[in-house]
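In the working numbering, the protein residues as written are 952 to 1271. Just so you know, even glycine gets a beta-carbon here, dropped at the ideal spot from N, CA and C. Reading through the structure tokens given below for one structure.
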């Protein structure tokens, strides 16, 4: 007896698709399990190196920490560590200084880095050499570059003081006054980290579609209009990544003030990270020190999440 398939082409395709879907789902689940298996060693390492210390610091910040001769003990839950911080004028000052320092230095670095990237984009033959030279400050360890700038700013044998004496400005103690010390530290930071921003922006410029820029020029837009109306909006992803990395680094500022100024004069250039170090290791106050570290990480997380939300909203409006 011959069985005749009376289904039409559409019904046949639907039945074949339904039979293939379970197989595809099983293959996806198998690939996902294989991927998690390969990634598990790296994830365990990240947990051991990053997640566990962060979690332990948060637990320590909410605990009564008793320091003994053999170490320290966590005894009970408390919010007193954070109460001490929020009622401390020194913590508030360091928070304000770190926030202002981050905003100013990141803004200057973004402007200078974008300008340098625009110049590098127009170069052809010497771009590789200039990029290599540009990355030298970024390649230096921050402690080394901070020590280099301390020699430059030295009031006895420093290059900066010699230049100021040559132009008629004498006895300029750069690191001896709060405002000048903060500016000097910002200059050293901008010198080191602007190349990173320039490379990030240059990568975004290289990836821009040339047809869009060419269409804007055909429509009569000049160079400034093309950059401001066409290229800059397309550069938002690269700029967002650069800003996020710089916020993370600048808000965790430690090396420069530790080597260059020691947080001085007084506590005028003391960052939150440096304050946490002093409270933890100089004053041996593990609870408040952990609270400083946890609050700093929380502030950076909130700022980055808000920045990402605003960035996604702008990109969504641009696509609409």
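Between the CA atoms of residue j and residue i - distance to the nearest angstrom
| i | j | result |
| --- | --- | --- |
| residue 1278 | residue 1132 | Look at the range of the chain in this structure, 952 to 1271, and you will see that residue 1278 is not part of it. |
| residue 1107 | residue 1182 | 48 Å |
| residue 1254 | residue 1116 | 43 Å |
| residue 1050 | residue 1178 | 30 Å |
| residue 1159 | residue 1168 | 15 Å |
| residue 1259 | residue 1112 | 43 Å |
| residue 1154 | residue 1076 | 17 Å |
| residue 1072 | residue 1078 | 8 Å |
| residue 956 | residue 984 | A caution first: residue 956 carries a pLDDT of 49, below 50, which makes its placement in the model unreliable, though a value can still be read off. Whole-angstrom Cα-Cα distance: 39 Å. |
| residue 1246 | residue 1162 | 47 Å |
Residue range of the beta strand (DSSP E) that includes residue i
| i | result |
| --- | --- |
| residue 1028 | 1022-1028 |
| residue 1017 | 1014-1019 |
Residue closest to residue i, alpha-carbon to alpha-carbon, out of the options
| i | options | result |
| --- | --- | --- |
| residue 1262 | 1190, 1147 and 1145 | 1190 |
| residue 1205 | 1221, 1193 and 1215 | 1221 |
| residue 1018 | 1246, 1235 and 1243 | 1235 |
| residue 1134 | 1093, 1097 and 1056 | 1056 |
| residue 1100 | 980, 992 and 1207 | 1207 |
| residue 1069 | 1186, 1013, 1015 and 1025 | 1186 |
Per-residue DSSP class, three states only, for residue i
| i | result |
| --- | --- |
| residue 1234 | coil |
| residue 1159 | coil |
| residue 1173 | coil |
| residue 1221 | coil |
| residue 1212 | helix |
| residue 1109 | coil |
| residue 1128 | coil |
| residue 1079 | helix |
| residue 1178 | helix |
| residue 1262 | helix |
Segment limits, alpha helix (DSSP H) that includes residue i
| i | result |
| --- | --- |
| residue 1100 | 1093-1104 |
| residue 1187 | 1187-1202 |
| residue 1073 | 1040-1073 |
| residue 1122 | Here residue 1122 belongs to no alpha helix (DSSP H), and DSSP marks it neither H nor E. |
| residue 1035 | 1031-1037 |
(message) Across the region 1045-1065 and the region 1188-1204, are there enough close Cβ pairs to call them in contact, namely three or more that are closer than 8 Å?
(response) yes
(message) Below 8 Å, how does it come out for the region 1140-1150 and the region 1119-1130: are there three or more Cβ pairs, yes or no?
(response) no
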